[in-house]
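J.:
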Amino acid sequence: MKTILVSLISEQTIPNILIGAHYKPDIFWFISTPKMEDKRMTECIENTLRLKGLLTQPDPIKKVIVDQDSLTDCISKIESLVEDITGEVQYIINITGGNKVMALAAYEIFREIGQKVVIDYMPIGKNEFVQVFPRRKPLKVSMIRERLNLEEYLSSYGFKIQNKDKLQTIKSSAIACKDASNWILNNYEHLKGLLGFIYKNLKDGRGKKRYHFQSTFDRNPARIERDLLNRHGFELQDGLISKDMTKEEMVYLTGGWFEEYVFNEVFDLVLDNILDDAMTGLTIENLGGVSNELDIAFVRDNIFYHIECKTLGEGDKDIVREEVYKKGAISTLLGKGEKRAFICTTLNKISEAIITRGQDYGIEILSLDKVRDLRNRLKERFGRRE
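Everything in the sequence shown is counted per the numbering used here, starting at 649 for the first residue and increasing by one.
Written out as structure tokens, the structure is:
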């Protein structure tokens, strides 16, 4: 006996994907609208189901486009799908999406069929669903055990990872440099001047594959500064600092080290099973072809979060403005009014006005001391799983 999952399409794609992953049906029926097709919501769901390996049957998908405000149209088009079925099937109907008219039409049609019909509803933001037909007392609540990884989550909202083939290398490099990045952060107050000097004098080398760095430091480097220069292969002679640098070395010493430090703090929580997945250095593209770069992104319990990293005392206002712009560009991932975005900075102090402004946009801004305690802060927020 085949199983058919009937899903009502809306901008909330995650419930349809999670219910699909839970039941693993043979056939998917999508009840969509012209507006949702214009936004390519069904396409997002299909792409994610393919990523999860759930579209294995021949012709596993059927789709009808309904007038969401016409009960007659909704009933007629859903009934046309049912009439084409031969043989014994089990129907599972997910009425989480769509609107009230679509949900009412689906409920009435499949309730009349009666046997071998289950109608479910999944509250937005929860990893559980309620069986509303056949009705039980108390209501039957089932947990969703499925957890989306980052690629699946991004796909569900129409984002693809442009640099997917490079992410494992980026991740491996960050993990390999964990001790070096920790050392810089632990000694940042003593290294800030030298790092600023390197940053300033690399402006002509940015974007190049190789660059010969050569500049005179304005004082005799302290022991800890000499240690940094030695660790990264710089030559120091009579105040002249020089080195033939690769693009990767330039990126690392102009802020990449900080991003890698933060990523390792986050990734350790993935290893501890507190978070589900994390990536760094992503370039994502939406369905309209617009790209965005994300320093760090992670998921926990099918909710997306992202972190931007800012170094060298960049202006408070610029920090918030840039992140607010980016948050707007990926707002479908973040949800409204929820604190799912972080800015990690090397600033010792951040004005209350800027912190408040960030909070107004759902962004938590962390000073250097709070970044040093990031792992514990995230543990406290998310807690351990049973």
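All C-beta atoms, glycine included, are put in the ideal place defined by N, C-alpha and C.
Flag this pair as touching only if the stretch 888-903 and the stretch 856-872 have three or more C-beta atom pairs under 8 Å; answer yes or no.
T.: Contact between the stretch 888-903 and the stretch 856-872 is present, because at least three Cβ pairs lie under 8 Å.
J.: First and last residue of the beta strand (DSSP E) that includes residue 929?
T.: Here residue 929 corresponds to residue number 281 of the sequence shown, with the count starting at 1. Where residue 929 is concerned, the enclosing beta strand (DSSP E) stretches over 925-933.
J.: Would you mind working out which of 796, 699 and 1031 sits nearest residue 920, comparing C-alpha positions?
T.: Along the sequence shown, read from residue 1 onward, the residue named residue 920 stands at position 272. Among 796, 699 and 1031, the Cα nearest to that of residue 920 belongs to 1031.
J.: Under a Cβ-count criterion, where at least 16 other Cβ atoms within 10 Å of its own Cβ denotes burial, should residue 888 be classed as buried or exposed?
T.: Within the sequence shown, residue 888 is the residue found at index 240, counting from 1. The residue in question, residue 888, is exposed, as its Cβ has fewer than 16 Cβ neighbours within 10 Å.
J.: Do the stretch 704-711 and the stretch 737-745 touch if we need at least three Cβ pairs shorter than 8 Å?
T.: Contact fails: fewer than three Cβ-Cβ distances are below 8 Å.
J.: Please report the straight-line C-alpha distance between residue 683 and residue 782, rounded to a whole angstrom.
T.: The sequence position of residue 683 within the sequence shown is 35, counting from 1. The sequence position of residue 782 within the sequence shown is 134, counting from 1. Spanning the two alpha carbons is a distance of roughly 31 Å.
J.: Any chance you could list the beta strand (DSSP E) runs of at least 3 consecutive residues sitting entirely within the stretch 738-787, in chain order?
T.: Here the runs fully enclosed are 765-769 and 776-781.
J.: Going by DSSP, which residues form a beta bridge with residue 899?
T.: Start at 1 with the first residue of the sequence shown, and residue 899 comes out as number 251. Bridge partners of residue 899: none, in fact.
J.: Using the beta-carbon count (16 or more within 10 Å), is residue 912 buried or exposed?
T.: Residue mapping note: residue 912 aligns to position 264 of the sequence shown, counting from 1. So residue 912 ends up on the buried side.
J.: Should residue 992 and residue 932 be called a contact, given that it needs their Cβ atoms to be closer than 7 Å?
T.: In the sequence shown, the residue the question calls residue 992 occupies position 344. In the sequence shown, the residue the question calls residue 932 occupies position 284. No.
J.: Distance, Cα to Cα, residue 661 vs residue 757?
T.: For this step, residue 661 is matched to residue 13 along the sequence shown. For this step, residue 757 is matched to residue 109 along the sequence shown. Their backbone Cα atoms lie some 23 Å apart in a straight line.
J.: When you compare only the Cα positions, how much space is there between residue 852 and residue 1004?
T.: For the purposes of this step, residue 852 is taken as residue 204 along the sequence shown, with counting starting at 1. For the purposes of this step, residue 1004 is taken as residue 356 along the sequence shown, with counting starting at 1. Looking at the two C-alpha atoms, the distance is approximately 36 Å.
J.: Measure how close the beta-carbons of residue 791 and residue 667 come, nearest whole angstrom, since I'm counting them as under 8 Å.
T.: By 1-based counting over the sequence shown, the position of residue 791 is 143. By 1-based counting over the sequence shown, the position of residue 667 is 19. About 12 Å separates the two Cβ atoms, so there is no contact after all.
J.: Confirm, please, whether the CB-CB distance from residue 729 to residue 749 is below 7 Å.
T.: Within the sequence shown, residue 749 is the residue found at index 101, counting from 1. Within the sequence shown, residue 729 is the residue found at index 81, counting from 1. The answer is no: Cβ separation not under 7 Å.
J.: For a test of the three-state rule: what should DSSP assign to residue 711, helix, strand or coil?
T.: One-based indexing of the sequence shown puts residue 711 at position 63. Three-state result, residue 711: strand.
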